[in-house]
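*Asks:* FYI, the working numbering numbers position 30 of the sequence shown as 49, with every residue one higher than the one before it. Backbone N, C-alpha and C fix where the C-beta goes; we use that ideal spot for every residue, glycine too. Values in this document were obtained by computation on a predicted structure and should not be read as measured data. Quick one: structure below, then a few questions.
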Amino acid sequence: MSFTIILSVLEAIYVIYMLNFYKSKTNYADPNVTFSNVFLAHPKTHSDVPISMVCPAGKMMGWVFGIYLVVREFAPNEKLEDIILAKFLNVAVLFMGIAMSVMNLNVTLYLIPIFFIELLRMILF
């Protein structure tokens, strides 16, 4: 198994865990940001007991992003056009992920290692 596949699997496990199963008492989200939609609502204050600080939409997107991280490794990459398309798609997904995570500072902080690794991958590979 290649290094990039192993890295992508580890990234996927991290993303899925942090957005779906990680629980914390500390909340970094802006308490002034409110969403009327239940799907986007996330906790706004600290908690006495560990809870997930991620909204249902973030949890769902954690699965989607995690699956994407692994599946992209099996896309065709022998022709120049395929490589350019894959890089473009990775950049688009990364920037969409950053933009969406900004809605909840907790998610942004959880995903900083992934954003950093992905930026390094864009530069090095």
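1. Please identify the residue among I142, L104, M37, F144 whose C-alpha is closest to the C-alpha of K78.
2. Name the DSSP beta bridge partners of F86, please?
3. Pick out whichever of L124, N123, P95, R91 has its Cα sitting closest to the Cα of V110.
4. Tell me the DSSP bridge mates of S21?
5. Just how far apart, CA to CA, sit M122 and F144?
6. Mapping DSSP to helix, strand and coil, what is S43?
7. Per the contact definition of three or more C-beta pairs closer than 8 Å, is the stretch 80-99 in contact with the stretch 25-33?
8. Figure out for me which residue from F40, L59, L88, K63 has the closest Cα to the Cα of N51.
*Replies:* On the basis of the coordinates in this document:
1. Answer by Cα proximity: M37.
2. First, the amino acid is wrong: residue 86 is Ile here, not Phe. Paired residues: none, contrary to the question.
3. Of the listed residues, the one whose Cα sits closest to V110 is R91.
4. None, per the DSSP bridge assignment.
5. Distance between the alpha carbons of M122 and F144 is about 30 Å.
6. Note: S43 maps to strand in three-state DSSP.
7. The stretch 25-33, when compared against the stretch 80-99, does touch it at the 8 Å Cβ threshold.
8. Of F40, L59, L88, K63, the residue nearest in Cα terms is K63.
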